[in-house]
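Chemist:
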Amino acid sequence: MNQQALDLHKKYTGKLETVAKMGKLHKELLPLVYTPGVADVCLAIAENPELAYTHTLKGRTVAVISDGSAVLGLGNIGPLAGLPVMEGKSLLLKEFGGVDSFPLVLNTQIPEEIITFVKQVAPTFAGINLEDIKAPGCFQVEEALQDIGIPVFHDDQHGTAIVVKAALLNAAKVVGKPFDSLKVVIVGAGAAGLSVARMLLGLECLGKTCSLLPKVDRVADVIVVDRIGALVSGRESQNMYKQSLADSSNKRMLKGSLATVAKNADVIIGVSGPNLIAPEIIENMAEKPIVF
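Written out as structure tokens, the structure reads:
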């Protein structure tokens, strides 16, 4: 499989190309798609900027942006090594969503510089898909871009959380447990772990503050575990994003390792490294355990 993937990417020099939507250009089209005819389109957009959504690629195009700092399970492999993943995401968006996109990998992992870049390229796009940016910087970037006038979606946060909640709603029905009775333990306090916890608890979090969203399904409680142990209000060695979640979760203020806090839990969700959830941990969970 590995060699097949390498051969495929080499054969096609990547997975994407630019194609003219009106087909092959001929001499009658050239003065319309470029000068002088294109000037009329430019002037129309200058007078009414909303026309950019209907007269240019802006209305159907997303930027897939990454700094390569947290790529899949590969870690911080940098922008160039992360580019095949961003190309793949663009291909999926087109094939399964009908959305065009450009993969853009950045030669910086400084949140402020990423924020500046995205704001500067935003006029080209209808939306931004942040991808594989490590925590906690990803939270800072996503929050700072809420005012740029187009949707900003961080796949590792929002995409993962949406899929997990949908799956858990179904799993609860399968095992016959009310969703609002579930005690959940999440292994991993990065972008995915914190966002899944927020989603399951029905929280909206900005910086140091979390608030309950109205009229959403939520579980009974969530405990998030990182390398040190359970996130708990007041614990040292947790950034403000972990702290804000800790203040709104772990109602019993449980401390300790995964094995300790997972006793009698209904659900364990792993969004960290491999081989962390030992068989004996599952054996000590509640009846009919759910493990993702």
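Take the sequence shown: its letter number 217 is residue 419 in this note's numbering, and every next letter is one higher. Glycine included, each C-beta is placed from N, C-alpha and C at the ideal position. None of these values were measured; they are calculated from a predicted model.
1. Residue ranges of each alpha helix (DSSP H) run of no fewer than 4 residues wholly in the region 407 to 487, ordered along the chain?
2. Compare the C-alpha of Leu208 against each of Val287, Ala254, Pro238, Val266 and name the closest.
3. Which same chain residues, not among the five before or five after Phe381, have their C-beta less than 7 Å away from its C-beta?
4. Pull up the distance between the alpha-carbon of Val463 and that of Leu218, whole angstroms please.
5. Between Met455 and Ile470, is the Cβ-Cβ spacing less than 8 Å?
6. Output needed for Arg400: all residues of its chain with C-beta closer than 8 Å, excluding positions within five of it in sequence on either side, in chain order.
7. CB Asp358 to CB Asn331, shorter than 8 Å?
8. How is the beta strand (DSSP E) around Ala306 delimited, first residue to last?
9. Could you tell me which whole beta strand (DSSP E) segments of length 3 or greater appear in the region 210 to 293?
10. Taking the Cβ atom as the reference point for each residue, do Ile267 and Leu308 lie within a distance shorter than 8 Å?
11. Relative to the alpha-carbon of Pro325, which residue among Val386, Pro353, Gln342, Glu315 has its alpha-carbon at the smallest distance?
12. Can you tell me the Cα-Cα spacing of Gly284 and Val386, whole angstroms?
13. Count the other CB atoms, across all protein chains shown, that sit within 10 Å of the CB of Glu547; report buried if there are 16 or more and exposed otherwise.
14. Measuring alpha carbon to alpha carbon, tell me which of Ser303, Glu297, Asp269 ends up nearest Thr220.
15. Let me know if Leu460 comes out buried or exposed under the rule of 16 or more other beta-carbons within 10 Å of its beta-carbon.
16. Would you grab the beta carbon distance between Gly392 and Ala328 for me? Rounded to a whole angstrom, and I think it's under 8 Å.
17. At the level of alpha carbons, what is the spacing between Gly277 and Val235?
18. Identify whether Phe494 lies in helix, strand or coil by the three-state DSSP scheme.
19. Is any beta-carbon of chain E found at less than 8 Å from that of Glu315?
20. Return the CA-CA distance between Ala432 and Leu210, expressed in angstroms with no decimal places.
21. Using 10 angstroms around the beta-carbon of Glu252, count the other beta-carbons present and answer buried if the total reaches 16, otherwise exposed.
22. Roughly how many angstroms separate the alpha carbons of Lys490 and Thr258, rounded to a whole number?
23. CA-CA distance, Lys410 and Tyr443?
24. Pull the bridge partners of Leu405 from the DSSP assignment, please.
25. Mind checking which residues open and close the alpha helix (DSSP H) that includes Gly339?
26. Does DSSP put Gly395 in a helix, in a strand, or in coil?
27. What residue range is occupied by the uninterrupted beta strand (DSSP E) comprising Leu332?
28. For my contact list, Thr215 and Asp269 are in at a C-beta cut-off of 8 Å; report their separation, rounded to the angstrom.
29. Can the beta-carbon of Ser451 be found less than 8 Å from the beta-carbon of Leu403?
30. Considering just the uninterrupted stretch of the beta strand (DSSP E) at Lys385, what are its terminal residues?
Modeler: On the basis of the coordinates in this document:
1. The region 407 to 487 contains, as complete alpha helix (DSSP H) runs of 4+ residues, the segments 442 to 448, 460 to 463, 481 to 485 (chain order).
2. Against the sequence shown, residue 208 aligns to sequence position 6. Comparing alpha carbon positions, the residue from Val287, Ala254, Pro238, Val266 closest to Leu208 is Val287.
3. In the sequence shown, the residue the question calls residue 381 occupies position 179. If we look at Phe381 and ignore the five residues flanking it on each side, its Cβ neighbours are Leu371, Ala374, Asp419, Val421.
4. Against the sequence shown, residue 463 aligns to sequence position 261. Against the sequence shown, residue 218 aligns to sequence position 16. Cα to Cα, Val463 sits roughly 46 Å from Leu218.
5. As a position in the sequence shown, residue 455 is number 253, starting the count at 1. As a position in the sequence shown, residue 470 is number 268, starting the count at 1. Taking 8 Å as the Cβ cut-off, Met455 and Ile470 do not qualify as a contacting pair.
6. Against the sequence shown, residue 400 aligns to sequence position 198. Once the five neighbours on either side are set aside, the close Cβ partners of Arg400 are Ala363, Glu406, Cys407, Cys412, Leu447.
7. Taking the first residue of the sequence shown as 1, we reach residue 358 at position 156. Taking the first residue of the sequence shown as 1, we reach residue 331 at position 129. For Asp358 and Asn331, no; Cβs fall outside 8 Å.
8. Taking the first residue of the sequence shown as position 1, residue 306 is located at position 104. Per the sequence shown, the amino acid found at residue 306 is Leu instead of Ala. 302 to 307 is the extent of the beta strand (DSSP E) around Leu306.
9. The qualifying runs are 263 to 268.
10. Here residue 267 corresponds to residue number 65 of the sequence shown, with the count starting at 1. Here residue 308 corresponds to residue number 106 of the sequence shown, with the count starting at 1. In this structure, Leu308 lies closer than 8 Å to Ile267 by Cβ.
11. Against the sequence shown, residue 325 aligns to sequence position 123. Residue Pro353 is the option with its Cα nearest to Pro325.
12. Reading the sequence shown from its first residue, position 82 is the one you call residue 284. Reading the sequence shown from its first residue, position 184 is the one you call residue 386. Taking the straight line joining both Cα atoms gives about 32 Å.
13. The chain is shown only over 203 to 494; residue 547 falls outside these bounds and no answer can be derived.
14. Translated into the one-based positions of the sequence shown, residue 220 becomes position 18. Minimum Cα distance to Thr220 is reached at Ser303.
15. Position 258 of the sequence shown holds residue 460. When all chains shown are included, Leu460 counts as buried.
16. To locate residue 392, count along the sequence shown from 1; it is residue 190. To locate residue 328, count along the sequence shown from 1; it is residue 126. Approximately 28 Å separates the beta-carbon atoms of Gly392 and Ala328; this is outside 8 Å, ruling out the contact.
17. On the sequence shown, residue 277 is found 75 positions in, with the first residue counted as 1. On the sequence shown, residue 235 is found 33 positions in, with the first residue counted as 1. Distance between the alpha carbons of Gly277 and Val235 is about 43 Å.
18. Taking the sequence shown and counting its residues from 1, the one referred to as residue 494 is at position 292. DSSP places Phe494 outside both helix and strand once states are collapsed to three, so it counts as coil.
19. The question asks about chain E, but that chain is absent: this structure has only one protein chain.
20. Translated into positions along the sequence shown, residue 432 becomes position 230. Translated into positions along the sequence shown, residue 210 becomes position 8. Rounded to the nearest angstrom, the two C-alpha atoms are 44 Å apart.
21. Against the sequence shown, residue 252 aligns to sequence position 50. Under this definition Glu252 is an exposed residue.
22. In the sequence shown, residue 490 corresponds to position 288, counting from 1. In the sequence shown, residue 258 corresponds to position 56, counting from 1. Rounded to whole angstroms, the gap between the alpha carbons of Lys490 and Thr258 is 53 Å.
23. As a first step, residue 410 is located in the sequence shown; it is residue number 208 there, counting from the start. As a first step, residue 443 is located in the sequence shown; it is residue number 241 there, counting from the start. A straight-line Cα-Cα distance of about 6 Å links Lys410 and Tyr443.
24. As a position in the sequence shown, residue 405 is number 203, starting the count at 1. DSSP output for Leu405 lists Leu414 as bridge partner(s).
25. Numbered from 1 along the sequence shown, position 137 holds the residue referred to as residue 339. Per DSSP, the unbroken alpha helix (DSSP H) holding Gly339 starts and ends at 339 to 346.
26. Taking the sequence shown and counting its residues from 1, the one referred to as residue 395 is at position 193. In the three-state reduction of the DSSP assignment, Gly395 falls in the helix class, which pools H, G and I.
27. In the sequence shown, residue 332 corresponds to position 130, counting from 1. If you look at Leu332, you'll find it in the beta strand (DSSP E) that goes 329 to 332.
28. Here residue 215 corresponds to residue number 13 of the sequence shown, with the count starting at 1. Here residue 269 corresponds to residue number 67 of the sequence shown, with the count starting at 1. Contact flag wrong, Cβ pair sits at about 23 Å.
29. Locating residue 451 in the sequence shown gives position 249, counting from the first residue. Locating residue 403 in the sequence shown gives position 201, counting from the first residue. Here Ser451 is near Leu403, since their CB atoms are less than 8 Å apart.
30. If you number the sequence shown from 1, residue 385 lands on position 183. Taken as a continuous stretch (DSSP letters only), the beta strand (DSSP E) holding Lys385 covers 385 to 389.
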